[in-house]
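Line by line, the protein sequences give chains A and B.
Residue numbering for the first sequence follows this note's numbering, beginning at 29 and increasing consecutively.
Residue numbering for the second sequence follows this note's numbering, beginning at 29 and increasing consecutively.
There are 2 protein chains.
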Amino acid sequence: MSKKGRHGTRAGGFTRGKKTREAIIDCAMHIAASESLGAISIGRLAKELKITKSGLFIHFGSKEKLEEAVVTRASEIFFGHVLGPAEDEVKAGMERLWALCDSWLQFVEDRVLPGGYFFTGAFFISAEQHSFIAQRIREVAHEWVNALRKAVDEGRHRLELQIDVNARRTAFELNSLLLGAQWSRLLDHSDHSKAHLAILAKLKSLATEKIPSDVFDSVTAWRHYLDNRDS
Amino acid sequence: MSKKGRHGTRAGGFTRGKKTREAIIDCAMHIAASESLGAISIGRLAKELKITKSGLFIHFGSKEKLEEAVVTRASEIFFGHVLGPAEDEVKAGMERLWALCDSWLQFVEDRVLPGGYFFTGAFFISAEQHSFIAQRIREVAHEWVNALRKAVDEGRHRLELQIDVNARRTAFELNSLLLGAQWSRLLDHSDHSKAHLAILAKLKSLATEKIPSDVFDSVTAWRHYLDNRDS
């Protein structure tokens, strides 16, 4: 019993420690999302989380390690909200391409990681740097653009997109519209309707006759088409 | 003569002081361009410029004042290279719209302010903040997007662009392509050819019959058209 008790205490301590660690990452991630990784300070975190500075150091050892943990957590959230849902096996080709763009816009709109830092601002700032963090952020950008290209190719093979559609160019144009949508939203709180319409116009211009052209006329028409095309 | 001498010394001191101030701003601006304003530190500047920390403080009093001077200088450079040339009175409408986009791409390509911070990264990070600096960066973004919109409207009035072209939507799409071009360049050093072609395709889709449609087929054809259309 005494063993069990000790074990219980240890496990409890471990769980509490893990919880504190998670809370620190979460708090730091929200500071970074709105203000950049540079805005994270041990003093500020200690104050916001009501723990001592030495208590913080037990969990990360250095500010750099904490920043790495924040970027890793932010990537997991990005993949979970944006790439994950689009990788659903039910989706393929043009539907997947749309899902990638739509989830990206939804991610911004829902302020999952509020502000413009993750991963747009962070990417623009760190792209020419050589730290672990900069490298991780570039990896996220690469995975993202590769997912777009792959979905374009899949759309071509499924004969939904014209056979001569250039995957790199299309991925570039769609990614541009998403960056522009986030930019506009940050500038004047504009909604994503301009981006949605521009994405549909782009898809329409590249689609084969397999897809009726009027389904690209509005987001509602397009979603209705996707929901009903197999029935 | 002694008065003249004193005056001469004072003026010399003033000039030297101004030169040092300029050198500090310049050095800090290049650090910020590649790494963000947060990367500027008094210690680093003192080391790079081989002056004392107290010597630096004489010129700015606080790091915040120095950051403000850096953002002001960077805006002047952005306007001088991008908005200024496009505001040339000889240009108007579609030519001005093209000049705005082309100068923006050239600004990135020439690494006038190297890296991705000014003003893209800086904007994405600071758009939801309330400091003087964040406000100044938003002003640059507003002036930029307004210049694009105004050039679209001018193109409509000159009957170069179709009368029902939406200036906000067109400015959004062109700005998106520019952001995407900078993003791609930072990711894999790709050139701006995808962006140039996408911009020309966009202009072609909005142009009236006043402009021969084959001039949008390549950057060379378009530049040749602009250079010769009045002759």
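Each residue gets a CB set at the ideal place from its N, CA and C atoms; glycine is no exception.
*asked:* Quick test of your reading: B:Glu104 and B:Leu65, contact by CB under 8 Å. State the CB separation rounded to the nearest angstrom.
replied: That pair is no contact at about 16 Å.
*For B:Phe106, does the count of other Cβ atoms within 10 angstroms reach 16, so buried, or fall short, so exposed?*
buried
*State yes or no: is the C-beta of B:Asn203 within less than 7 Å of the C-beta of A:Gly144?*
no
_With three or more beta-carbon pairs closer than 8 Å as the criterion, would you say the stretch 172-183 of chain B touches the stretch 119-126 of chain B?_
yes
*In chain order, what residues of the same chain have a beta carbon less than 7 Å from the beta carbon of A:Leu77, not counting five sequence neighbours either side?*
Ala51, Ile52, Cys55
*Among B:Asp192, B:Gly71, B:Thr198, B:Leu84, which one has its Cα closest to the Cα of B:Arg177?*
B:Thr198
*Closer than 8 Å at the beta carbon, the chain A residues around B:Gln157*: Ser62, Glu63
*Which listed residue (A:Val99, A:Ile70, A:Val98, A:Thr100) has its alpha carbon closest to that of A:Ile86*: Cα-wise, what sits closest to A:Ile86 is A:Ile70.
*Compare the C-alpha of A:Asn211 against each of B:Ala235, B:Ala169, B:Lys232 and name the closest.*
Going by the sequence as given, residue 211 of chain A is Trp instead of Asn. Per the Cα distances, B:Ala169.
*Taking Cβ-Cβ distances shorter than 8 Å, what residues in chain A pair up with B:Arg197?*
Lys222, Leu225, Ala226
*Which listed residue (B:Ile68, B:Ile153, B:Ser221, B:Glu237) has its alpha carbon closest to that of B:Lys93*: B:Ile68
*From B:Glu188 to B:Ser233, what distance separates their C-alpha atoms?*
So the two alpha carbons sit approximately 11 Å from each other.
*Host alpha helix (DSSP H) of A:Tyr253 (start-end)*: 247-256
*Which value, in whole angstroms, describes the spacing of the CA atoms of B:Val136 and B:His224?*
13 Å
_Residue from B:Arg257, B:Ser154, B:Ser218 whose Cα sits closest to the Cα of B:Lys238_ = B:Arg257
*In the DSSP assignment, find the unbroken alpha helix (DSSP H) run with B:Ser76 in it and report its ends.*
The sequence as given places Glu at residue 76 of chain B; Ser does not occur at that position. It spans 70-77 - the alpha helix (DSSP H) in which B:Glu76 sits, taken as one unbroken run.
*Considering only residues of the same chain and omitting the five flanking positions on each side of A:Thr236, which have a CB-CB separation below 7 Å?*
The beta carbon of A:Thr236 lies closer than 7 Å to those of Leu187, Glu188, Leu189, Gln190 in the same chain, with the five residues before and after it left out.
*Using the rule of at least 16 other Cβ atoms within 10 Å of the residue's Cβ for burial, across every protein chain shown, is A:Leu63 buried or exposed?*
The displayed chain sequence assigns Glu, not Leu, to residue 63 of chain A. By the 10 Å Cβ count, A:Glu63 comes out buried.
_Extent of the continuous alpha helix (DSSP H) run through A:His217_ = Per DSSP, A:His217 lies in no alpha helix (DSSP H) segment and is marked neither H nor E.
*asked:* Could you check whether B:Leu128 and B:Ala175 sit closer than 7 Å to each other, using their CB atoms as the reference points?
replied: Cβ atoms of B:Ala175 and B:Leu128: closer than 7 Å.
*Anyone know if the C-beta pair for A:Pro142 and A:Ala61 falls short of 7 Å?*
Taking C-beta atoms as the reference points, A:Pro142 and A:Ala61 count as a pair closer than 7 Å.
_Coil, strand or helix - A:Ala155 by DSSP_ = Here A:Ala155 sits in coil by DSSP.
*Residues of chain C with a CB under 8 Å from the CB of A:His87: which are they?*
Absence of chain C from the displayed structure is noted, the protein chains being A and B.
*Could you name the residues of chain A that B:Val247 contacts, counting a contact when the two beta carbons are closer than 7 Å?*
Near B:Val247 there are no residues of chain A at all, since even the closest Cβ is about 15 Å away, more than 7 Å.
*asked:* Could you give the first and the last residue of the continuous alpha helix (DSSP H) run that contains B:Ser82?
replied: 81-88
*Among A:Ser246, A:Gly149, A:Leu228, which one has its Cα closest to the Cα of B:Leu214?*
Comparing alpha carbon positions, the residue from A:Ser246, A:Gly149, A:Leu228 closest to B:Leu214 is A:Gly149.
_Measuring only the C-alpha atoms, how far is A:Thr48 from A:Val98?_
14 Å
*Output the distance between the C-alpha atoms of A:Tyr253 and A:Ala229, rounded to the nearest integer angstrom.*
So the two alpha carbons sit approximately 15 Å from each other.
*Three-way DSSP call (helix, strand, coil) for B:Ala61 in this model*: helix
*Just tell me which of A:Glu201, A:Arg139, A:Ser218, A:Ala226 has its CA closest to the CA of B:Ser221.*
A:Glu201
_I want to verify the contact list: residues of chain A whose CB lies under 8 Å from the CB of B:His217, in sequence order._
The contacting residues do not exist; B:His217 stays about 10 Å from chain A at best.
*asked:* If you reduce the DSSP assignment to three classes, tell me which class B:Gly36 lands in.
replied: Residue placement at B:Gly36 is flagged as unreliable, the pLDDT there being 49, under the threshold of 50; a coordinate-derived value is accordingly withheld.
*So what does DSSP say about A:Leu234, is it helix, strand or coil?*
helix
*Anything in chain A within Cβ reach of B:Arg166, meaning under 9 Å, just list it in chain order.*
Neighbours of B:Arg166 on chain A, chain order: Leu214, Leu215.
_For A:Leu206 and A:Trp132, believed in contact at Cβ under 8 Å, the rounded distance_ = 5 Å
*Say whether chain B places a C-beta atom closer than 7 Å to the C-beta of A:Asn203.*
yes
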